[in-house]
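Participant: Per UniProt numbering, the sequence shown starts with residue 1, numbered consecutively.
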Amino acid sequence: MVSKTVARLVAVGLTLVPHASPAVDFGGVNDTLAAWRPPDRHEGQAAALAAAGARHVRIMAVRPLDAMANAAAAASKRGLGVLLVVPMGQSDFFPPRVAPRAAEGVHYELRPTSEMDPSLYADFWRDAVAALDAAGVTPMAVEVGNEMNLSVFEAALPIVQGGAIVETAEFAGHPFAEPYGRALDRYVDVLRETKRVMAGRAVPVLLSSLVRPEPAWAAANGVSAIAPECAMRLLMERGAGRVADGLAVHLYPQVGARDEDPDVSVREAVSKAFDPLVREAGPGRAWWITEWGFARAVGRDSGKELPRRARMLAFARAIEARPEAPRMGPAFLYDFSEDELFRIHGRDDPSDPDALLTLAPR
């Protein structure tokens, strides 16, 4: 059965209107929990995504692999491109002796990337590719890792009371530096394994997404983070840029409820988040925005709140104006999941038609 939220999206006839600029495709959406959805709901969810105007979907490559492949096949049959994201920390990637950390709050039960066995990872990925082949699916790209500069998704980074965001200038002398550096060393090993498994398939392999968390959220949830531009520098120093075909980024513009000109503020917030990453990665890179969205109201307290549709369009304009736009893959909105815990958007007034929009109308 299709979720109520999906049904509402379909009911308002949400579509993506063609835009004059072909540089960036905003037809992507995240459905990261697809592999764990009951098998009899894969077709319905894929149909709802297509009816809502999606052209691409990002799902996790996790066990059970048959379920993952079936979800991907259902999307593919509806004409949706499939981006696979391979989370680090899965038990299959580690020797039995490596115990996971305990889940706590927003932190998942994961093992540190530094302890991964690249050969076990390669075995998993070969099995995943075989399952996709059997289902007749060729992914549009593979993203190796997810937000690995956050303790939420990287167990080499500790849970810290009050949170901690480590900036580039302080990283070298920080206690996080040594364990995180070892995690990145091993990460680049598995990035190379991914390229080997995917050799000859013309499927781009993307570097793990990076993101800058909101300080208040990090503090409230005990999240430690390496500044994304610092993580990018460390990855480039380890040769990751010579292995990956593209770079992934998550953009959640930190635009406040009191901003007097929210439209301008969205553009400035996008630049503040994206510019440092571009500087560290260097020119000419292919970028994929594999998650984007707004975590809260924009301009509400100033009396100049942007409704959801206007927020989305402000973001799209900011991205399309960037020099990287012609080299960008599709952008994927977060999130089409049926689990309310995974909805980045709060509840807007249901009488506002824009409150029902999830995908960015073009």
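All residues carry an ideal CB built from backbone N, CA and C; glycine is no exception.
Nearest-angstrom Cα distance between D47 and H107?
Facilitator: In the sequence shown, residue 47 corresponds to position 47, counting from 1. In the sequence shown, residue 107 corresponds to position 107, counting from 1. A small correction: the amino acid at residue 47 is Ala; Asp does not occupy that position in the sequence shown. So the alpha carbons of these two residues sit roughly 32 Å apart.
Participant: Rounded to a whole number of angstroms, what is the C-alpha to C-alpha distance between R285 and G246?
Facilitator: Mapped onto the sequence shown, residue 285 falls at position 285. Mapped onto the sequence shown, residue 246 falls at position 246. Whole-angstrom Cα-Cα distance: 7 Å.
Participant: Between the C-alpha atoms of S224 and A216, what's the straight-line distance to the nearest angstrom?
Facilitator: Taking the first residue of the sequence shown as position 1, residue 224 is located at position 224. Taking the first residue of the sequence shown as position 1, residue 216 is located at position 216. About 12 Å.
Participant: What residue from W36, A73, L83 and A52 has the CA that sits closest to A331's CA?
Facilitator: On the sequence shown, position 331 is the one that residue 331 refers to. Nearest of W36, A73, L83 and A52 to A331, Cα basis: L83.
Participant: Nearest CA to the CA of E324: which residue from W288, F315, G293 and M198?
Facilitator: Working through the sequence shown from its first residue, we reach residue 324 at position 324. The residue with the shortest Cα to Cα distance from E324 is W288.
Participant: Quick check on the DSSP output: the beta strand (DSSP E) that includes residue 375 runs from which residue to which?
Facilitator: The structure shown does not extend to residue 375, since the chain is modelled only from 1 through 362, so no value can be given for it.
Participant: Candidates R233, L333 and A281: which alpha carbon is nearest R311's?
Facilitator: The residue labelled residue 311 in the question sits at position 311 within the sequence shown. Nearest C-alpha to R311: L333.
Participant: L235 to V188, Cα distance in whole Å?
Facilitator: Taking the sequence shown and counting its residues from 1, one reaches residue 235 at position 235. Taking the sequence shown and counting its residues from 1, one reaches residue 188 at position 188. Looking at the two C-alpha atoms, the distance is approximately 8 Å.
Participant: If you draw a straight line from the C-alpha of C230 to the C-alpha of Y180, how long is it?
Facilitator: The residue labelled residue 230 in the question sits at position 230 within the sequence shown. The residue labelled residue 180 in the question sits at position 180 within the sequence shown. When rounded, the distance between both Cα atoms is 11 Å.
Participant: The beta strand (DSSP E) spanning G246 covers which residue range?
Facilitator: In the sequence shown, the residue the question calls residue 246 occupies position 246. Element bounds for G246: G246 to L251.
Participant: Of the choices M148, V152, Q254 and R192, whose alpha-carbon is the least far from that of P228?
Facilitator: Taking the first residue of the sequence shown as position 1, residue 228 is located at position 228. Considering only alpha carbons, the answer is M148.
Participant: Determine the closest residue to F176 out of I159, E109, R317 and E214, with distance taken between C-alpha atoms.
Facilitator: Here residue 176 is taken as the residue at index 176 of the sequence shown, counted from 1. The shortest C-alpha separation from F176 is found at I159.
Participant: Sort E109, H56 and R212 by Cα distance to K77 and report the nearest one.
Facilitator: Residue numbering aside, residue 77 sits at position 77 when the sequence shown is read from its first letter. If we check each option's Cα against that of K77, H56 comes out closest.
Participant: When we look at the beta-carbon of V24 and count the other beta-carbons within 10 Å, is it buried (16 or more) or exposed?
Facilitator: The residue labelled residue 24 in the question sits at position 24 within the sequence shown. V24 should be labelled buried.
Participant: Between which two residues does the beta strand (DSSP E) carrying A164 extend?
Facilitator: Residue numbering aside, residue 164 sits at position 164 when the sequence shown is read from its first letter. Element bounds for A164: A164 to V166.
Participant: Answer with buried or exposed for R186, where buried requires no fewer than 16 other C-beta atoms within 10 angstroms of its C-beta.
Facilitator: Start at 1 with the first residue of the sequence shown, and residue 186 comes out as number 186. Answer is buried; the Cβ neighbour count reaches 16.
Participant: Excluding five sequence neighbours on each side, which residues of the same chain lie with their C-beta closer than 7 Å to the C-beta of E280?
Facilitator: Locating residue 280 in the sequence shown gives position 280, counting from the first residue. Same-chain partners within the cutoff: E229, M232, R233 and M236.
Participant: With distances taken between CB atoms, is the gap from P118 to A72 smaller than 9 Å?
Facilitator: As a position in the sequence shown, residue 118 is number 118, starting the count at 1. As a position in the sequence shown, residue 72 is number 72, starting the count at 1. No, Cβ-Cβ distance for P118 and A72 is not below 9 Å.
Participant: Whose C-beta lies closer than 7 Å to the C-beta of R238 among residues of the same chain, with five residues either side of it excluded?
Facilitator: The residue labelled residue 238 in the question sits at position 238 within the sequence shown. Result list for R238: L184, D185 and V188, in chain order.
Participant: Does the Cβ of Q161 have 16 or more other Cβ atoms within 10 Å, making it buried, or fewer, making it exposed?
Facilitator: By 1-based counting over the sequence shown, the position of residue 161 is 161. Burial call: exposed.
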